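Chemist: Numbering follows the UniProt record's numbering, with no gaps: position 72 of the sequence shown is 72.
Starting off with a structure, shown below.
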Amino acid sequence: MNKIVKQQQNEITEHLIYAELAKISTDKKNIEILYEISSQELSHYEFWKGITKKEIKPNKWKIKKYVWLAKMFGLSFSLRLMEMGESEASKFYSSIAEKYPEALTIQEEELQHEQKLIGILNDNRLNYAGSIVLGLNDALVEFTGTLAGLTFAFSNNKIVGATGLIMGFAASLSMAASGYLSSKEEEENEKINPITAAIYTGVSYILTVVFLVAPYLILDNPYLALGLMLLTTVLIIAGYTYYISVAKILSFKKRFIQMAVISIGVAAISFGIGTIIKQIFGVNI
Numbered sequence: 001m002n003k004i005v006k007q008q009q010n011e012i013t014e015h016l017i018y019a020e021l022a023k024i025s026t027d028k029k030n031i032e033i034l035y036e037i038s039s040q041e042l043s044h045y046e047f048w049k050g051i052t053k054k055e056i057k058p059n060k061w062k063i064k065k066y067v068w069l070a071k072m073f074g075l076s077f078s079l080r081l082m083e084m085g086e087s088e089a090s091k092f093y094s095s096i097a098e099k100y101p102e103a104l105t106i107q108e109e110e111l112q113h114e115q116k117l118i119g120i121l122n123d124n125r126l127n128y129a130g131s132i133v134l135g136l137n138d139a140l141v142e143f144t145g146t147l148a149g150l151t152f153a154f155s156n157n158k159i160v161g162a163t164g165l166i167m168g169f170a171a172s173l174s175m176a177a178s179g180y181l182s183s184k185e186e187e188e189n190e191k192i193n194p195i196t197a198a199i200y201t202g203v204s205y206i207l208t209v210v211f212l213v214a215p216y217l218i219l220d221n222p223y224l225a226l227g228l229m230l231l232t233t234v235l236i237i238a239g240y241t242y243y244i245s246v247a248k249i250l251s252f253k254k255r256f257i258q259m260a261v262i263s264i265g266v267a268a269i270s271f272g273i274g275t276i277i278k279q280i281f282g283v284n285i
């Protein structure tokens, strides 16, 4: 009975989560979908209430958590993350199916209907994921290599940091222009606004550069700054890969390893090139 009460609370909590997300949504299609799922969760709550004969209060912290995640990272990420945490619910349905056969119907709705509805949500952040990746990937690959090369060519953190920022701002404008032209070519995709795509590309690029350059502006030791920059690179890759893997239900491990190997590999090559150039030209700053 305790497990049933817990599931009853989950149903009323998710009913309110979907309802709150519908209130903050501006897309009519999303609002309809979210209210439909909310209504479904309420019917599940009523079913369990008929068994427990209790009114259960929702988990208010959980409601605030997923609404905040939706505001910050988009509907798809928030809802997919919520669905990922429901493996225990599947075990629960199987354990009580013999006594309450109706639980199998609810389980089927949870696994299929909600996933189908979430899959057709309009999520601007995912629509522009390609633009973000364009800026993020280019910044990671170019600047891990550039900063590694400058570190061994100059061995002066302030010069490396200042040079990195100047190059970063210039490159972000170039990448924004590339993002704009690239999205203009995709005329069949009506969800993509070229100007918005350009903004996403440019902003993701410059923010990545700022994070990578920061160790050089904070620390005095160039090699410690290089190590921290590479660690930052790995963390950025891990964070964004996790976001995409949850929102789009993709393999985290494969995408993470691919991006990390490319970025760190370029940095290693640039390390060698920077050392060679320093020796050839006798640069000593």
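Backbone N, C-alpha and C fix where the C-beta goes; we use that ideal spot for every residue, glycine too.
This structure is a prediction, so every number in the text was calculated from the model and none was measured.
(1) Could you check how far apart the C-beta atoms of V213 and L165 are, in whole angstroms? I think they sit under 8 angstroms.
(2) Over the uninterrupted alpha helix (DSSP H) stretch that includes N2, give me the two end residues.
(3) From the DSSP output, in three-state form, read off I56 for me.
(4) How many Å lie between I4 and Y128 at the Cα?
(5) Which residues in the same chain as L34 place their Cβ atom closer than 6 angstroms to its Cβ, once the five residues preceding and following it in sequence are excluded?
(6) On the DSSP letters alone, give me the boundaries of the alpha helix (DSSP H) that L212 sits inside.
(7) Put L250 into one of helix, strand or coil per three-state DSSP.
(8) Taking a contact to mean a Cβ-Cβ separation below 7 angstroms, would you say G161 touches Y205 in this structure?
(9) Compare the C-alpha of S245 against each of I269, L81 and I264 and name the closest.
(10) What would DSSP say about N30, mapped onto helix, strand or coil?
(11) Out of T13, L75, A97 and Y66, state which residue places its alpha-carbon closest to the alpha-carbon of P58.
(12) At what residue ranges does the segment 121–181 contain a whole run of the alpha helix (DSSP H), taking only runs of 4 or more?
(13) Cβ of Y45 within 7 angstroms of Cβ of Q7?
Modeler: For this structure:
(1) Contact holds; Cβ gap of about 6 angstroms.
(2) That run of the alpha helix (DSSP H) goes N2 to I24.
(3) I56 falls in the coil class under three-state DSSP.
(4) Near 41 angstroms, if we compare the C-alpha coordinates of Y128 and I4.
(5) So the list reads Y18, L21 and A22, once near-sequence residues are dropped.
(6) Note, L212: alpha helix (DSSP H), P194 to I218.
(7) For L250, the secondary structure class from DSSP, reduced to helix, strand or coil, is coil.
(8) No, the pair does not count as a contact, with Cβ atoms beyond the cut-off.
(9) Selected option, being the one with the closest Cα: L81.
(10) Residue state, collapsed to three classes: helix.
(11) Nearest in C-alpha terms to P58, of all of T13, L75, A97 and Y66, is T13.
(12) The segment 121–181 contains these whole alpha helix (DSSP H) runs: 124–127 and 129–154.
(13) Not closer than 7 angstroms, so no.
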